[in-house]
Amino acid sequence: MADELIIRGGTVVSASGRRRADVAIVGGRIEAVAEVLPGSADAREIDATGLLVLPGVVDVHTHTRVATDAQPDRFFQDSIAAAYGGTTTFLCFNNPGTGVSSEGGSLLADMHEWRSRTEGDSAVDYSLSLVLTADHPDPSLDLPAVIDAGIPTIKVFMIYDFGVSDAVLLRALDSAARYGGMLEVHCENRTLLESNTRRLLDEGRSAPRYHAESRPQPVEAEGVHRAIRYAQSVRAPLFVVHLSSAEALEQVRWGRDHDLPVFAETCPHYLALDESRYKLPDDEAARFVISPPLRTPTDRDALWAGLADGSLALVATDHVPDRVAVEKQTWRESFDRISNGAPGIETLLAVVYSEGVQRGRITVERMVDLLSATPARLFGLNRKGSIESGRDADIVLFDPQERRTITQAELHHTSDYTPYEGMAASGIARSVLVRGEFVIRDGRFVGRRGFGRFQERQLTWR
Ligand code: MN
Ligand code: MN
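The working numbering puts the first residue of the sequence shown at 9, with every later residue one more than the last.
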């Protein structure tokens with residue numbers, strides 16, 4: 009066929025196995041996967057000998073900023089960064105700080121605004137999870153409409169000024185469950201957090217290092233347990249975002265042991281870094297002010313065990329493209345004023361492969377499950393997440409032999425630092441295809457602005 013592309017001789021990896029195989033792509037979709045595919049006169053061919061042929065990474069947790077007059081390229085630029093890292097679809101939130109925010113109107117209006125502000129900007133495929141804030145009217149009013157419109161995942165926060173009350177959280181869980189959606193919850197206990205913060209500030213302990221002390225494990229674990237109990241009460245599925253600690257993981261295990269549809273993600277920073285970063289000088293410690301905070305090496309190991317045994321569903325970045333020179337400067341005021349988060353949209357595959365697969369903590373098949381197959385399935389990206397006939401040809405040609413050092417100078421994201429500076433990494437995404445088109449080819453961006461398509465989603469597993 010005229011537009012056929014054949015990827016030959018690579019090792020094709022799925023969540024359940026790996027095999028040497030050829031992959032044929034026609035019209036942006038995977039046409040066939042077989043040990044040896046016949047050639048044809050007009051098919052283009054790529055030699056993938058020695059490479060892993062992975063499904064594109066699906067990052068379900070980013071706070072990618074939309075374009076503004078002052079920074080017209082920031083959404084586009086972070087989408088390029090995603091592509092370099094092997095991420096072919098990323099999901100965004102429209103929470104305050106991302107450059108587009110609710111005026112207290114409807115979720116449906118928020119969806120239209122975000123879609124118009126990002127239209128034609130992305131180099132890879134993308135989608136949205138809406139944030140339901142305290143300013144929105146009763147969630148049962150327009151949750152059904154946004155789920156119908158292809159946004160079945162909605163996020164709420166249990167803390168922050170835009171977080172919702174327990175009563176709203178419960179109603180939103182109920183409403184999402186009734187209409188085929190799923191709530192994503194930032195789980196922390198507001199009372200404990202605010203009390204700890206006030207005490208630390210009263211004692212004059214306001215430096216970035218005290219961020220972690222304001223959020224010890226019970227703050228997170230209680231929030232996770234409460235969200236699970238609310239979900240259980242209304243028979244709702246629950247997605248726990250950015251799980252960071254062993255105690256919170258125990259709560260998720262409790263839910264899963266009770267056959268509840270509770271799913272949790274963790275993030276690369278909890279898997280690769282630990283709380284020792286808060287002992288760095290203030291301006292460096294501020295780079296690691298992320299919520300929940302970095303934990304102990306024991307927690308880190310518990311999270312890896314949770315990924316390996318299936319207690320944790322997936323890994324996503326919680327990408328926040330804050331800059332040390334700008335947003336992070338508020339460390340000079342006090343730890344509770346520091347913009348929370350760290351960039352990660354470009355380094356997800358690198359960190360999970362290097363720290364997970366290369367170190368023997370998970371298999372490469374499990375990595376594919378955690379980064380592609382499960383995020384695509386759970387979030388209703390039903391044409392994404394695996395290399396099989398009929399799916400979108402979102403593919404990473406990954407060279408596992410490469411050895412490199414992660415450094416800001418070589419990244420493409422809109423932040424001015426990486427939390428993984430100096431980290432030794434194994435493997436690299438040599439080439440990346442989205443719907444059969446090269447976006448990265450031999451390490452160079454060859455895609456274009458606006459090629460990425462907004463993905464309307466449906467949770468068919470529900
Ligand atoms: Mn959060
Ligand atoms: Mn987040």
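Every residue, glycine too, gets a C-beta built ideally from N, C-alpha and C.
Measure the Cβ-Cβ separation of His71 and Ala324 and say whether it is below 8 Å. The count along the sequence shown starts at 1 and reaches residue 71 at position 63. The count along the sequence shown starts at 1 and reaches residue 324 at position 316. Not in contact: His71 and Ala324 (Cβ atoms no closer than 8 Å).
With distances taken from CA atoms, which of Cys275, Asp407, Gly263 is nearest Gly58? Sequence index remark: in the sequence shown, residue 58 carries index 50 (1-based). Considering only alpha carbons, the answer is Asp407.
Outcome for Ser24 when other beta-carbon atoms lying within 10 angstroms are tallied against a minimum of 16: In the sequence shown, residue 24 corresponds to position 16, counting from 1. When all chains shown are included, Ser24 counts as exposed.
In the DSSP assignment, what residue or residues form a beta bridge with Glu100? The residue you call residue 100 lines up with position 92 of the sequence shown. It should be noted that the sequence gives Cys, not Glu, for residue 100. Cys100 is bridged to Thr70, Leu136.
Grab me the residues of Gly128's own chain with a C-beta within less than 6 Å of its C-beta, minus the 5 sequence neighbours each way, in chain order. Translated into the one-based positions of the sequence shown, residue 128 becomes position 120. Hits under 6 Å: Gly458.
Can you list, in chain order, the residues of its chain whose CB lies under 6 Å from that of His250, leaving out five sequence neighbours each side? Within the sequence shown, the letter at position 242 stands for residue 250. If we look at His250 and ignore the five residues flanking it on each side, its Cβ neighbours are Cys275, Asp326.
With distance defined between alpha-carbon atoms, name the residue in Arg223, Ala316, Thr141, Arg207 nearest to Leu191. Within the sequence shown, numbered from 1, the residue matching residue 191 stands at position 183. The shortest C-alpha separation from Leu191 is found at Thr141.
For Asp326, is the beta carbon positioned less than 7 Å from some heavy atom of ligand 2? Along the sequence shown, one-based indexing puts residue 326 at 318. Yes, ligand 2 has a heavy atom inside 7 Å of this Cβ.
Among the residues of its own chain, which have a CB less than 6 Å from the CB of Pro300, if the five just before and after it don't count? As a working note, residue 300 is residue 292 in the sequence shown. So the list reads Arg223, Glu228, Ser252, once near-sequence residues are dropped.
For Asp11, collect the residues of the same chain with a Cβ closer than 6 Å to its Cβ; drop the 5 residues on either side in sequence, then sort them by chain order. Your numbering for residue 11 matches position 3 in the sequence shown. Closer than 6 Å at the Cβ level, and outside the excluded window around Asp11, lies no residue.
Given a threshold of 16 other Cβ atoms within 10 Å of its Cβ, counted over all protein chains shown, does Gln79 qualify as buried or as exposed? Stepping through the sequence shown from its first residue, residue 79 is reached at position 71. So Gln79 counts as exposed.
Local conformation of Leu311 per DSSP, three classes: Residue 311 sits at position 303 when you count from the first residue of the sequence shown. Three-state DSSP puts Leu311 in a helix.
May I ask whether a heavy atom of ligand 2 can be found less than 7 Å away from the beta carbon of His71? Looking up residue 71 in the sequence shown gives position 63. Yes, Cβ of His71 sits closer than 7 Å to a heavy atom of ligand 2.
Under DSSP, the beta strand (DSSP E) around Met190 begins and ends at which residues? Numbered from its first residue, the sequence shown carries residue 190 at position 182. Counting along the chain, the beta strand (DSSP E) containing Met190 begins and ends at 190-194.
Please report the distance separating the alpha-carbon of Pro245 from that of Ser48. Position 237 of the sequence shown, counting from 1, holds the residue named residue 245. Position 40 of the sequence shown, counting from 1, holds the residue named residue 48. When rounded, the distance between both Cα atoms is 48 Å.
For ligand 2, is there any heavy atom lying closer than 7 Å to the beta carbon of His219? The residue given as residue 219 occupies position 211 in the sequence shown. Incorrect: His219 has no Cβ contact closer than 7 Å to ligand 2.
Taking 7 Å as the cut-off, is the C-beta of Val297 nearer than that to any heavy atom in ligand 1? Taking the sequence shown and counting its residues from 1, one reaches residue 297 at position 289. Every heavy atom of ligand 1 is 7 Å or more from the Cβ of Val297, so no.
Of the choices Pro46, Ser22, Arg28, Arg26, whose alpha-carbon is the least far from that of Leu13? What you label residue 13 is simply residue 5 of the sequence shown in a count that begins at 1. That would be Pro46, whose Cα lies nearest to the Cα of Leu13.
Helix, strand or coil at Asp424 according to DSSP, with G and I counted as helix: Position 416 of the sequence shown, counted from the start, is the residue given in the question as residue 424. In this structure, Asp424 counts as coil in the three-state DSSP scheme.
Given this structure, state the Cα-to-Cα distance separating Phe247 from Gly158, to the nearest angstrom. Position 239 of the sequence shown, counted from the start, is the residue given in the question as residue 247. Position 150 of the sequence shown, counted from the start, is the residue given in the question as residue 158. Those two C-alpha atoms are separated by around 18 Å.
Give a single yes or no on whether His250 has its beta carbon closer than 7 Å to a heavy atom of ligand 1. What you label residue 250 is simply residue 242 of the sequence shown in a count that begins at 1. Within the cutoff, so yes.
When burial is assigned at 16 or more other CB atoms within 10 Å of the CB, is Arg411 buried or exposed? In the sequence shown, residue 411 corresponds to position 403, counting from 1. Looking at its Cβ environment, which holds fewer than 16 other Cβ atoms inside 10 Å, Arg411 is exposed.
Per-residue burial, Lys287 [other beta carbons within 10 Å of its own, 16 or more giving buried]: For the purposes of this step, residue 287 is identified with residue 279 of the sequence shown, where counting begins at 1. That one is exposed.
Confirm, please, whether the CB-CB distance from Ala381 to Val404 is below 8 Å. Along the sequence shown, one-based indexing puts residue 404 at 396. Along the sequence shown, one-based indexing puts residue 381 at 373. Cβ distance not < 8 Å, so Val404 and Ala381 don't count as in contact.
Cβ neighbour criterion (16 or more within 10 Å) applied to Trp469: Start at 1 with the first residue of the sequence shown, and residue 469 comes out as number 461. The residue is exposed, with fewer than 16 neighbouring Cβ atoms inside 10 Å.
Span separating the alpha-carbon of Lys511 from that of Asn103: Because the chain is modelled from 9 through 470, residue 511 falls outside the range shown and cannot be assessed.
Please find out if some non-hydrogen atom of ligand 1 comes closer than 7 Å to the beta-carbon of His421. Reading the sequence shown from its first residue, position 413 is the one you call residue 421. Incorrect: His421 has no Cβ contact closer than 7 Å to ligand 1.
Is any heavy atom of ligand 1 found at a distance shorter than 7 Å from the C-beta of His194? Residue 194 sits at position 186 when you count from the first residue of the sequence shown. Result yes, Cβ under 7 Å from ligand 1.
Based on Cα-Cα distance, which residue from Asp290, Ala272, Arg237, Glu255 lies nearest to His266? The count along the sequence shown starts at 1 and reaches residue 266 at position 258. Among Asp290, Ala272, Arg237, Glu255, the Cα nearest to that of His266 is on Arg237.
For the stretch 426-434 against the stretch 116-125, are there 3 or more C-beta pairs whose distance is under 8 Å? no
On the three-state DSSP scale, how would you describe Ile395? Locating residue 395 in the sequence shown gives position 387, where the first residue counts as 1. It is coil, neither helix nor strand.
Would you mind sorting Ala201 into buried or exposed? The rule is 16 or more other CB atoms within 10 Å of its CB. To locate residue 201, count along the sequence shown from 1; it is residue 193. It should be pointed out that residue 201 corresponds to Leu in this sequence rather than to Ala. Buried, by the Cβ-count rule.
Could you check which residue in Ala153, Asp118, Leu149, Pro147 has the C-alpha nearest to that of Leu138? What you label residue 138 is simply residue 130 of the sequence shown in a count that begins at 1. The residue with the shortest Cα to Cα distance from Leu138 is Asp118.
Alpha carbon to alpha carbon, what distance is there between Arg443 and Glu464? Reading the sequence shown from its first residue, position 456 is the one you call residue 464. Reading the sequence shown from its first residue, position 435 is the one you call residue 443. Their Cα atoms are separated by approximately 16 Å.
Do the stretch 418-426 and the stretch 335-354 make contact, defined as three or more Cβ pairs closer than 8 Å? yes
Compute the beta-carbon to beta-carbon distance between Leu60 and Gly105, rounded to the nearest angstrom, for a pair I have assumed lies under 8 Å. The count along the sequence shown starts at 1 and reaches residue 60 at position 52. The count along the sequence shown starts at 1 and reaches residue 105 at position 97. Incorrect: roughly 36 Å between the Cβ atoms, too far for contact.
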